[in-house]
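In my numbering, the protein residues as written are 34 to 320.
Virtual Cβ for every residue (Gly too), placed ideally from N, Cα, C.
Everything below concerns the one structure shown next.
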């Protein structure tokens with residue numbers, strides 16, 4: 034396919050990788066971010082979900098969009114659906130939405146957008162990845178905990194998750210955006226194995242040589258920890274997802290990455306070796 038793809042969240046975890054993979058394949062990309070930050074190989078454009086004045090310029094000449102919902106908003110449909118109707122009227126024919134394996138069609142938050150997407154676009158896909166491996170290597174609280182104190186804190190108990198590499202999510206997104214045949218479905222994306230957070234801590238320790246432990250919190254303790262950062266409502270949503278993990282909701286793997294891209298998904302040990310090679314010395318004490 035030829036044309037122009039608008040990538041929202043183009044400086045974020047998946048958006049930056051989608052942009053990089055699209056441009057590497059020779060596709061024209063409008064890289065959208067709140068500050069219009071320059072991105073190698075792409076055309077930067079300012080875009081803010083909460084500033085409708087930025088929407089028309091971002092959509093100019095675009096026929097496909099990669100949609101990253103506004104972070105921390107318990108009701109993203111309120112700002113996303115008006116934009117998507119505007120996008121359809123402006124000539125966008127294909128949309129790929131980043132959702133979550135924990136959020137079904139019609140479910141809370143982005144699940145509402147998922148439900149509406151097929152009625153808005155002729156070609157579409159909803160990516161429902163499991164929890165990101167980059168939660169332990171990037172700027173997520175888990176990654177900061179690993180770096181600062183050698184701890185991962187969750188209310189997920191012994192529950193296992195099919196953690197997935199953001200590079201694999203981006204690879205599936207690129208296919209969904211550019212293949213001649215659109216998926217027109219939701220795709221649950223996982224890595225090759227389901228791991229508990231205890232497993233994650235053990236792998237990070239083994240690969241980096243830096244001691245890391247998993248601290249088990251209650252639902253209430255996790256809510257209290259997250260509320261000052263994301264607000265009480267969203268904190269309760271996130272803590273509820275940890276409880277679902279503890280009950281086995283994310284203990285699964287799928288073959289979607291292999292089926293869509295033609296290669297197996299990356300395993301967690303590989304991603305840790307790739308992204309935490311410079312983790313540095315051990316923290317003074319585990320907390």
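Reduced DSSP category for residue i - H, G, I as helix; E, B as strand; rest coil
| i | result |
| --- | --- |
| residue 65 | strand |
| residue 76 | strand |
| residue 267 | helix |
| residue 169 | helix |
| residue 60 | coil |
| residue 246 | strand |
| residue 285 | coil |
| residue 51 | helix |
| residue 305 | helix |
| residue 272 | helix |
| residue 241 | helix |
| residue 43 | coil |
| residue 137 | coil |
| residue 143 | coil |
| residue 297 | coil |
| residue 310 | coil |
| residue 189 | coil |
| residue 184 | strand |
Cα-Cα separation, residue i to residue j
| i | j | result |
| --- | --- | --- |
| residue 260 | residue 293 | 38 Å |
| residue 27 | residue 249 | Outside the shown range of the chain (34 to 320) lies residue 27, about which nothing can therefore be said. |
| residue 184 | residue 247 | 6 Å |
| residue 285 | residue 68 | 38 Å |
| residue 320 | residue 108 | For residue 320, the predicted model reports a pLDDT of 47, less than 50, meaning its position is unreliable and no value from the coordinates is stated. |
| residue 36 | residue 99 | 13 Å |
| residue 142 | residue 118 | 18 Å |
| residue 147 | residue 56 | 26 Å |
| residue 112 | residue 84 | 9 Å |
| residue 212 | residue 251 | 44 Å |
| residue 92 | residue 59 | 20 Å |
| residue 233 | residue 122 | 45 Å |
| residue 104 | residue 255 | 19 Å |
| residue 159 | residue 181 | 35 Å |
| residue 262 | residue 189 | 19 Å |
| residue 268 | residue 274 | 10 Å |
| residue 187 | residue 265 | 16 Å |
Per-residue burial, residue i [other beta carbons within 10 Å of its own, 16 or more giving buried]
| i | result |
| --- | --- |
| residue 106 | buried |
| residue 48 | buried |
| residue 223 | buried |
| residue 144 | buried |
| residue 38 | buried |
| residue 45 | buried |
| residue 50 | buried |
| residue 193 | buried |
| residue 201 | buried |
Original post:
Unbroken alpha helix (DSSP H) runs of length 4 or more, entirely within the segment 196-236: which are they?
Top reply: List check, alpha helix (DSSP H) in window: 199-211.
**OP:** Count the C-beta pairs between the segment 160-174 and the segment 188-204 that are closer than 8 Å, then say yes if the count reaches three, no if not.
**Re:** Flag = yes, the segment 160-174 and the segment 188-204 touch.
Original post:
Does the segment 228-245 come close enough to the segment 76-95 that 3 or more CB-CB pairs lie under 8 Å?
Top reply: Segments in contact, no.
**OP:** Tell me the start and end of each unbroken beta strand (DSSP E) in the segment 70-130 that is at least 3 residues and wholly inside, in chain order.
**Re:** Listed in chain order, the complete beta strand (DSSP E) runs (minimum 3 residues) inside the segment 70-130 are 76-79 and 97-100.
**OP:** Report yes or no: do the segment 200-219 and the segment 129-145 share at least 3 C-beta pairs separated by less than 8 Å?
**Re:** The answer is yes - the segment 129-145 touches the segment 200-219, with three or more Cβ pairs under 8 Å.
Original post:
Looking at C-beta atoms only, is the number of pairs between the segment 59-68 and the segment 216-235 that lie closer than 8 Å three or more?
Top reply: The segment 59-68 vs the segment 216-235: no contact.
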